[in-house]
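Numbering (my numbering), first residue to last: 7 to 139.
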């Protein structure tokens, strides 16, 4: 009789039964509220995990946009400084060309020969330097 009771599940566990949908066994009797509560807890856990993932992605996007904003701000400052430098250079060059034209008007055609001579001398030095390398 003892052998028979060891093989009889209901004699060993009493009223216990396994919920058909869970695939798990529990020593407690089935409570319909606990199954729905466990399902809700599982969904809440999944939602929390996905929310943490989305929060991390939003933080990464925020860091990227802040970096882009800083880069745009720095580029704007640099372009403004370059614009000021070009404006200053333009003023210097216009004054130089004005003085050059005044000198050319006083000298006649002789200044053209000086420029041609200087260009030939520079060209000669560049050719000699190129072949000596």
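Here a beta-carbon is modelled for each residue, glycine too, at the ideal position from N, C-alpha and C.
Being a predicted model, the structure only gives us computed values, none of them experimental.
- Task: Go ahead and pull the three-state DSSP assignment for residue 114.
- Result: coil
- Roughly how many angstroms separate the alpha carbons of residue 73 and residue 106, rounded to a whole number? The alpha-carbon atoms of residue 73 and residue 106 are separated by roughly 49 Å.
- Nearest-angstrom beta carbon gap, residue 119 and residue 110 [assumed within contact, 8 Å]: 12 Å between Cβ atoms; not a contact.
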